[in-house]
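Trainee: In our numbering, the protein residues as written are 240 to 589.
Here's a structure for you.
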Amino acid sequence: MKNIYIAFTTISLLFLNACTKDFTEVNTNPNVPTKVTPNLLLSGIIKSAINEQVGQAWGTGNLLVQYTAKIQFVNEDRYLWGEKNGIWSNVYGNMRNVQNIIDLASSSTPVQQNYLGVALILKSWLFSLATDAYGDIPYSEAIKAKSNGVYLPKYDTQEEIYNGILADLKKANEILGTSNEAITGDILFNGSVLKWRKLANSLRLRLLMRLSKKKSVNADMQTIVSNNTMYPIMTSNDDNAELKYLADVPANQWPLFDARVGSFDEIRVSKTLSDRLSALNDPRLSVFGRPSQISVASGRPKIEGIPNGLGDVAALNYNGGPQGVSRVGYSYACLVCNDNGQAPPLPNVA
């Protein structure tokens with residue numbers, strides 16, 4: 240009987256060993272990789288950064304240039320700003336993976352020049368957004384907590400940041416000028432190295448123009464515009480850095496599509512815009528806005544804007560209330576706003 244128990248125990252141990260031999264492989268989640276390649280990080284950075292800019296343009300930019308105005312929660316429309324940390328959080332959140340691409344591309348053999356160049360362009364663009372919004376920011380010591388233990392990075396001056404950005408853009412163009420490698424994961428330019436170079440040089444020109452009031456940049460600008468072979472730049476809309484939103488891919492749809500109800504309706508057409516375009520008989524007004532519900536009900540459809548800067552009560556009651564003020568055009572909430580063949584949504588679901 241004792242021999243039977245020994246034999247049974249031995250067989251059981253052998254069976255358990257066989258079962259657990261590949262245990263760690265069987266229980267590895269394929270959707271949570273421990274190692275990544277640059278192409279897996281690139282698309283997420285592009286989408287996140289551009290979506291943030293879409294949101295900033297919608298909620299802040301359109302108010303500042305008085306394309307739109309608010310009928311509720313009007314503080315932003317009256318320049319009563321609270322904490323505005325969207326750009327900051329997005330830039331530094333994305334910068335971790337930008338730095339990961341730089342590290343991965345630089346440490347590979349051979350060096351992945353294409354991803355290194357693209358990452359330097361994204362780094363430059365993102366930091367330009369941050370310094371333009373906030374002034375002095377962490378730059379030279381940013382994103383070094385993991386690699387160098389820098390948990391309290393110093394704030395660099397905007398001048399130092401601009402100098403670093405311009406140097407990186409120049410370097411990126413040079414790197415990509417010698418690279419023939421494919422760029423996958425690129426949802427901005429579909430892998431076109433030439434278009435990334437055009438973005439680098441065009442962005443460099445933009446930043447140099449901003450510096451022109453502070454220092455002489457004529458020589459640097461002339462160097463770029465006089466040598467299209469070495470410094471290709473954007474020359475038509477075909478070169479635009481344009482993220483294509485896709486109707487059939489929920490993860491990459493127009494970000495305002497799901498926000499087209501509720502708080503979306505707090506924002507209406509500005510009277511500044513409607514008056515100016517109406518006076519010019521400008522057909523673009525019908526893209527910016529829709530006739531007010533009251534004007535439609537009266538049989539005389541008209542796009543009626545609301546003045547910027549009104550207080551809460553005055554804004555909510557202007558021209559008879561929300562039904563007397565035009566809502567923004569369908570293009571602000573369409574599913575794929577750069578799809579020229581898309582019909583606008585029905586009014587009752589807009």
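Even glycine gets a Cβ: it sits at the ideal position worked out from N, Cα and C.
Quick check on DSSP: helix, strand or coil for Pro-489?
Mentor: Residue state, collapsed to three classes: helix.
Trainee: In its own chain, which residues sit with a C-beta less than 6 Å from the C-beta of Ser-379, not counting the 5 before and 5 after it?
Mentor: So the list reads Asp-395, once near-sequence residues are dropped.
Trainee: State the DSSP-derived secondary structure class of Arg-539, mapped to helix, strand or coil.
Mentor: If DSSP states are grouped into helix, strand and coil, Arg-539 belongs with coil.
Trainee: If the criterion is Cβ atoms closer than 8 Å, does the pair Ile-414 and Ser-367 meet it?
Mentor: Contact: no.
Trainee: Tell me the rounded alpha-carbon separation between Gly-300 and Thr-348.
Mentor: Spanning the two alpha carbons is a distance of roughly 44 Å.
Trainee: For Pro-530, name the three-state secondary structure that DSSP assigns.
Mentor: Looking at Pro-530 - three-state DSSP - the assignment turns out to be coil, as it is neither helix nor strand.
Trainee: Please return the same chain residues whose Cβ sits closer than 8 Å to the Cβ of Ser-517, not counting the five positions on each side in sequence.
Mentor: Within the same chain, Ser-517 has close Cβ partners Leu-524, Ile-542.
Trainee: Once the 5 residues before and after Met-473 are set aside, which same chain residues still bring their CB inside 6 Å of it?
Mentor: Closer than 6 Å at the Cβ level, and outside the excluded window around Met-473, lie Lys-437, Ser-441.
Trainee: Contact between the region 505-521 and the region 474-488: three or more CB pairs below 8 Å?
Mentor: Not touching, per the Cβ criterion.
Trainee: When you compare only the Cα positions, how much space is there between Leu-365 and Val-313?
Mentor: Their backbone Cα atoms lie some 29 Å apart in a straight line.
Trainee: For Leu-359 and Asp-407, I'd like the C-alpha separation in whole angstroms.
Mentor: Going by the C-alpha atoms only, they are around 6 Å apart.
Trainee: Can you say whether Ala-572 is buried or exposed, counting buried as having 16 or more other CB atoms within 10 angstroms of its CB?
Mentor: The residue in question, Ala-572, is buried, as its Cβ has 16 or more Cβ neighbours within 10 Å.
Trainee: Within a Cβ cutoff of 6 Å, which residues of the same chain sit near Val-357, ignoring the five residues on either side of it in sequence?
Mentor: The residues are Trp-435.
Trainee: What does the alpha-carbon distance come out to for the pair Thr-307 and Val-330?
Mentor: So the alpha carbons of these two residues sit roughly 26 Å apart.
Trainee: Pull the bridge partners of Thr-307 from the DSSP assignment, please.
Mentor: The partner list for Thr-307 (beta bridge, DSSP) reads Val-508.
Trainee: Could you check how far apart the C-beta atoms of Val-564 and Arg-507 are, in whole angstroms? I think they sit under 8 Å.
Mentor: Rounded, the Cβ-Cβ distance is 5 Å, consistent with contact.
Trainee: Could you tell me the distance, in whole angstroms, from the CA atom of Leu-280 to the CA atom of Val-337?
Mentor: Near 8 Å, if we compare the C-alpha coordinates of Val-337 and Leu-280.
Trainee: Compare the C-alpha of Phe-527 against each of Val-271, Gln-305, Ile-284, Ile-340 and name the closest.
Mentor: Of the candidates Val-271, Gln-305, Ile-284, Ile-340, the one whose C-alpha sits nearest the C-alpha of Phe-527 is Gln-305.
Trainee: Find out if the Cβ-Cβ distance for the pair Leu-427, Ile-340 is shorter than 8 Å.
Mentor: It is not a contact, given that the beta carbons lie outside the stated cut-off.
Trainee: Less than 8 Å between the CB atoms is what I'm expecting for Pro-561 and Ile-310, so what's the real figure, rounded?
Mentor: 6 Å between Cβ atoms; contact.
Trainee: If you follow the alpha helix (DSSP H) that Ile-404 is in, where does it begin and where does it stop?
Mentor: 397-416 is the extent of the alpha helix (DSSP H) around Ile-404.
Trainee: Distance check for Val-275 and Tyr-470, CA to CA, integer angstroms please.
Mentor: Cα to Cα, the separation comes out at about 32 Å.
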